[in-house]
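S.K.:
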Amino acid sequence: MTLVDSPLELQRAFPGDSEMAGRCRTFVWTATPLGPVSSWPEALRTAVRLMLGAPVATALWCGPTFTLLYNDAYRRILGNKHPNALGTLGAAVWDEQWPTINPQFEQVRTGGPPVHAAETQLTLERIEGGAGEDAAWFTYSLSALTDEAGSCVAVYNAAVEITERVRARNALASERARLFEVFQRLPSAVSIVTGPNYVLEYANEAFYQFVGRRDILGQPVWDAIPDARGQGFEALLDSVRDTGIPVAGREMPVGLVRAPGAAPEERFVDFVYQAITDEHGTRWGVMGFSIDVTESVRARREVERILAVSERAREDLANSNAQLRDQQMELGIANRQLQENAVEFEMQADELQATAAQLEESTEEADMARLVAEAERARTEGILQSMADAHFVLDASFRFISANGAMERGVGLSRDTLLGQTIWDLFPGTVGTEFEWNYRRVAAKRVEAHFIHDYADERLELVVDVDAYPTKDGGVAVFWRDITERTRAEAILKASENQLVTLADAIPTLAWTARADGFIDWYNARWYEYTGTTADEMAGWGWQSVHDPAVLPEVMERWQACIESGEPFEMTFPLRRADGRLRRFLTRVTPLHAVNGRVVRWFGTNTDVEAERTAREAAEEANQAKSAFLATMSHELRTPLNAIGGYAELLELGIHGPVTVGQREALSRIQRSQRHLLGLINDVLNFAKLEAGHVEYRLTDVPVRAAVDTLEPLVAPQLHAKGLGFNREECGDVLVVRADSEKLQQILVNLLSNAIKFTPEGGAITMYCEDRGNLVCIIVRDTGIGIDAERLEHIFAPFVQIDRRLNAPQEGTGLGLAISRDLARGMGGDLTAESTPGVGSTFALSLPRAGSTAERIR
36 MTLVDSPLEL QRAFPGDSEM AGRCRTFVWT ATPLGPVSSW PEALRTAVRL MLGAPVATAL
96 WCGPTFTLLY NDAYRRILGN KHPNALGTLG AAVWDEQWPT INPQFEQVRT GGPPVHAAET
156 QLTLERIEGG AGEDAAWFTY SLSALTDEAG SCVAVYNAAV EITERVRARN ALASERARLF
216 EVFQRLPSAV SIVTGPNYVL EYANEAFYQF VGRRDILGQP VWDAIPDARG QGFEALLDSV
276 RDTGIPVAGR EMPVGLVRAP GAAPEERFVD FVYQAITDEH GTRWGVMGFS IDVTESVRAR
336 REVERILAVS ERAREDLANS NAQLRDQQME LGIANRQLQE NAVEFEMQAD ELQATAAQLE
396 ESTEEADMAR LVAEAERART EGILQSMADA HFVLDASFRF ISANGAMERG VGLSRDTLLG
456 QTIWDLFPGT VGTEFEWNYR RVAAKRVEAH FIHDYADERL ELVVDVDAYP TKDGGVAVFW
516 RDITERTRAE AILKASENQL VTLADAIPTL AWTARADGFI DWYNARWYEY TGTTADEMAG
576 WGWQSVHDPA VLPEVMERWQ ACIESGEPFE MTFPLRRADG RLRRFLTRVT PLHAVNGRVV
636 RWFGTNTDVE AERTAREAAE EANQAKSAFL ATMSHELRTP LNAIGGYAEL LELGIHGPVT
696 VGQREALSRI QRSQRHLLGL INDVLNFAKL EAGHVEYRLT DVPVRAAVDT LEPLVAPQLH
756 AKGLGFNREE CGDVLVVRAD SEKLQQILVN LLSNAIKFTP EGGAITMYCE DRGNLVCIIV
816 RDTGIGIDAE RLEHIFAPFV QIDRRLNAPQ EGTGLGLAIS RDLARGMGGD LTAESTPGVG
876 STFALSLPRA GSTAERIR
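Each residue of the sequence shown is one higher than the last, beginning at 36 in the working numbering.
In structure tokens:
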């Protein structure tokens, strides 16, 4: 005869107006291995009611076949398997993954430890429309739901899908890899150092070329490149690490030994050190961008030296010309005087002898003046010949009439070849260019000219800086300097700057720069792609148009405050996308300082954190829902358990008639099981309170000796039953901790109980205290079975149980150590463990010493 559940029975089993409650009420359960709902264990019926009302994705996999019941939130995880998955066997629901996950279900169903899987990837056939397999990531747990007899009636499954968060993180990792690939190809030296010792984690090819080939990665930078020590870079790195403020330098000298056994070589660099932070703003490293500007510095210094020499030569030439003009004027006066004397001689014969003497005297003075002039001309010629700048003079026909040695060397032609030839014939590259236009203008209009121009013909290729002056005879005097190397160095520097701009366009964040007053003068390509704006629309303060008007006043207030103070800016706020939607961005703006500390520019980035924030909020909501579910379920179960305990006591007292010895033993077993299950539920409740932050601590000064004295009577029966030795070393009266005495006792009882459980008969347990300055440690050591290193890392995680071979009849929730450590940390301390398999385990509870610095900081 097939049983049929009544509508009232179904309404009680599946209450509520959710979709899955309605589907459960109409489902034919008699056709499944579970049978009619009226035959289900009360524990399963209670769990189903709680599951249907839970906001987090929850499922119950019932019986040996794992027949599925689930709530509305679990529908998204099932995808196109919903609604056919209801009442279906587990092997049919997740047939594509069943060989992988079935052992986990069997482990829990057969009394093994619960399963907690974090960030696990599963490939599921659940895409809408049956489009194929879908790689998804989940954090889920599996735990046993048992009936009154302790048998597992269902596997409780809570799950949170984190696919979008994992994909976002993987995408970020891919972007980071692409960014490093860009770094590797940059001509600028890029390096990343981390930790207090500045360990070199990354260096691109240009960095190796700059410092020389050597083994540097994974070493502290001053050990890897000891020749760079003591040159001022240590203080700069310390400043960026400690303050987060970028540091920039131009043409900073650095001595490097770039090859084994070579002498130190002086190089010059332009550099920026920028702190690297994580999503929480914590600084974890420093990135350096360096450009080798050695050739540019050397070229500029040579140019400056040549200019100084040229200026001195020009001053000397001007002085010589002035002296020559004075001497020529004196000679002219002497000649005119001679002519006057000659006329006077003809007119006054009687004074002939005197005039002749005067004439002879004047002639000697003229000869002397000519000699002086020739000497000055020779001195001027010597100065011109010794100049580093090239110099030549053209006559009115633009023929060479003089050229110095620098001119010969600069053009590769001798003076004999140059003199008498026109500049247009010897240097055809000047014809029709700025050279010809300027030289003809200087000659015709008697003006000076200064220009920089490229010269090229079949023989020469130069970039020259030219000064041209008119001469008295209608010609042109020219001084020029070869600036080819300087120009090339400047072109290389400009190309490097352009490459940095290209890099900024390639990074996955929005980036921009602003003047010291906050006026934004550049955005990268990602900004325009995201906002759908143009450069004209964004110029200056146009960025306000893509902000949320409700948040913009606060953004403006904080940005203006940072501009005035020079402090870095950091804030999360929404930016409007090209389609009009707002997405949250983490915005960081760092100031760039001149050597004197003044802010000269700002560099800003906007990182899209919408997916991360949404995922974090969803995870927090799921965690709260899980805690609420655990608390609700625990409260629901405590009521019937208390009733069971009460009725068992009434029966034992003989209220319903005499009790036999056999019945009394049975009642005793019922009461022990009830107390054990109630203890498990209390553990779940305590854990839920801890996760929800609802635990209150009543901190007082607790003498450690007094707290330890109360423990031995509590565990003595268990020690005696297993024949274990208990060695308790005295704790000094001076050891006083700041703690909640009840929670301290709860932790220590848990540690001693675990030690007793996992120590075989004849073993020993030792308990002692240690004074560690601001901390006091209470240590429990056993000679038990120990824990292997792999599992030792996980024993403090919730719902994880260590090896229970010695206490199989006393199953727990796996929450004792998790609760104990959370309580210890809530009191400003910690709980740690060390263990060696086959030797034993040591657990150390550390708490702040009363009145210590640690207690005040906590």
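We put the CB at the ideal spot given by N, CA and C, even for glycine. Just so we're clear, the structure is a prediction, and the values are computed from it rather than from any experiment.
Would you identify the three-state DSSP class for GLU141, choosing helix, strand or coil?
M.R.: GLU141: helix per DSSP, three-state reduction.
S.K.: Mind checking which residues open and close the alpha helix (DSSP H) that includes VAL477?
M.R.: Taken as a continuous stretch (DSSP letters only), the alpha helix (DSSP H) holding VAL477 covers 469-480.
S.K.: I need the DSSP call for THR123, collapsed to helix, strand or coil.
M.R.: Three-state DSSP puts THR123 in coil, outside helix and strand.
S.K.: Output the boundary residues of the beta strand (DSSP E) element that contains TYR237.
M.R.: Its beta strand (DSSP E) spans residues 234-238.
S.K.: Using a C-beta cutoff of 7 Å, does ALA241 count as contacting chain B?
M.R.: Although the question refers to chain B, the structure presented lacks it and comprises just one protein chain.
S.K.: Would LYS116 be called buried (16 or more neighbouring beta carbons within 10 Å of its own) or exposed?
M.R.: It is buried - the Cβ of LYS116 has at least 16 other Cβ atoms within 10 Å.
S.K.: For ASP130, does the count of other Cβ atoms within 10 angstroms reach 16, so buried, or fall short, so exposed?
M.R.: The residue is exposed, with fewer than 16 neighbouring Cβ atoms inside 10 Å.
S.K.: Can you tell me the Cα-Cα spacing of ARG17 and PHE306, whole angstroms?
M.R.: Past the edges of the chain, shown from 36 to 893, lies residue 17, and the structure says nothing about it.
S.K.: May I ask you to list the residues that DSSP assigns as paired with PRO883?
M.R.: Partner(s): LEU810.
S.K.: So the candidates are CYS812, SER870 and ARG816; which of them puts its Cα closest to the Cα of GLY798?
M.R.: Of the listed residues, the one whose Cα sits closest to GLY798 is ARG816.
S.K.: I want to know whether the segment 774-793 touches the segment 742-759 - three or more CB-CB distances under 8 Å.
M.R.: Yes, the segment 774-793 is in contact with the segment 742-759.
S.K.: Flag this pair as touching only if the segment 177-188 and the segment 117-127 have three or more C-beta atom pairs under 8 Å; answer yes or no.
M.R.: Result no; under three Cβ-Cβ pairs closer than 8 Å.
S.K.: Between ALA554 and the rest of its own chain, which residues show a CB-CB distance below 6 Å, the 5 nearest in sequence each way excluded?
M.R.: Here residue 554 turns out to be Phe, not Ala, going by the sequence shown. Answer for PHE554: GLY575, listed in chain order.
S.K.: With DSSP as the reference, identify every bridge partner of PRO795, one or two as the case may be.
M.R.: PRO795 is not bridged to any residue.
S.K.: Give the range of the alpha helix (DSSP H) segment to which ILE458 is assigned.
M.R.: 458-461 is the span of the alpha helix (DSSP H), which, as asked, contains ILE458.
S.K.: Can you tell me whether HIS829 is buried or exposed, with buried defined as 16 or more other CB within 10 angstroms of its CB?
M.R.: It counts as exposed.
S.K.: Output yes or no for whether 7 Å exceeds the beta carbon distance between ALA683 and LEU702.
M.R.: Cβ atoms of ALA683 and LEU702: closer than 7 Å.
S.K.: If VAL91 and PHE49 are in contact, beta carbons under 8 Å, what's the gap, nearest whole angstrom?
M.R.: 18 Å between Cβ atoms; not a contact.
S.K.: Less than 7 Å between the beta carbons of VAL289 and ARG302, yes or no?
M.R.: Yes. Within cutoff.
S.K.: Would you call the segment 314-330 and the segment 197-213 touching, i.e. three or more CB-CB distances under 8 Å?
M.R.: With the cut-off at 8 Å, the segment 314-330 and the segment 197-213 do not touch.
S.K.: Per DSSP, what are the beta-bridge partners of ALA859 in this structure?
M.R.: ALA859 is not bridged to any residue.
S.K.: Is the segment 592-606 in contact with the segment 649-656, if contact means three or more CB pairs nearer than 8 Å?
M.R.: Short answer: they don't touch.
S.K.: What residue from VAL784, VAL772 and LEU159 has the CA that sits closest to TRP172's CA?
M.R.: The residue with the shortest Cα to Cα distance from TRP172 is LEU159.
S.K.: Mind reading off the beta-carbon distance from ASN473 to ALA484? Whole number of angstroms is fine, and I expect it under 8 Å.
M.R.: Going by Cβ atoms, the distance from ASN473 to ALA484 rounds to 4 Å, so yes, they are a contact pair.
S.K.: Determine, using beta-carbon pairs with one atom in the segment 58-72 and one in the segment 90-104, whether at least three such pairs fall under 8 Å.
M.R.: The segment 58-72 is in contact with the segment 90-104.
S.K.: Which class does HIS315 belong to by DSSP, given the choice of helix, strand or coil?
M.R.: Here HIS315 sits in coil by DSSP.
S.K.: Taking the alpha carbon of MET287 as the reference point, which residue from ALA297, GLN266, LEU87 and GLY279 has its own alpha carbon closest?
M.R.: Per the Cα distances, GLN266.
S.K.: Is the segment 848-858 touching the segment 779-786 in the sense that three or more CB pairs, one from each, lie closer than 8 Å?
M.R.: Yes, the segment 779-786 touches the segment 848-858.
S.K.: By Cβ distance below 7 Å, which residues in the same chain neighbour ALA294 in space, the five residues on each side in sequence not counted?
M.R.: Only GLY247 meet the Cβ criterion.
S.K.: My output table needs one value for VAL874: the three-state DSSP class, helix, strand or coil.
M.R.: The answer is coil: DSSP assigns VAL874 none of H, G, I, E or B.
S.K.: Could you give the distance in angstroms between the alpha-carbon of TRP133 and the alpha-carbon of GLN142?
M.R.: Answer to the nearest angstrom: the Cα atoms are 14 Å apart.
S.K.: Using the beta-carbon count (16 or more within 10 Å), is PRO693 buried or exposed?
M.R.: PRO693 comes out exposed.
S.K.: Under 6 Å Cβ to Cβ from ILE820, same chain only, skipping five residues before and after it: list those, please.
M.R.: Counting only Cβ-Cβ distances below 6 Å, and skipping sequence neighbours, we find PHE793.
S.K.: Kindly indicate which residue of ARG144, ILE136 and THR145 has the alpha-carbon position closest to the one of ALA152.
M.R.: The candidate whose alpha carbon is nearest that of ALA152 is ILE136.
S.K.: What residue range is occupied by the uninterrupted beta strand (DSSP E) comprising SER274?
M.R.: Taken as a continuous stretch (DSSP letters only), SER274 belongs to no beta strand (DSSP E), being part of the alpha helix (DSSP H) at 268-278.
S.K.: Just curious, the beta strand (DSSP E) that ASP130 is in, first and last residue?
M.R.: That residue, ASP130, is in no beta strand (DSSP E); it is neither H nor E in DSSP.
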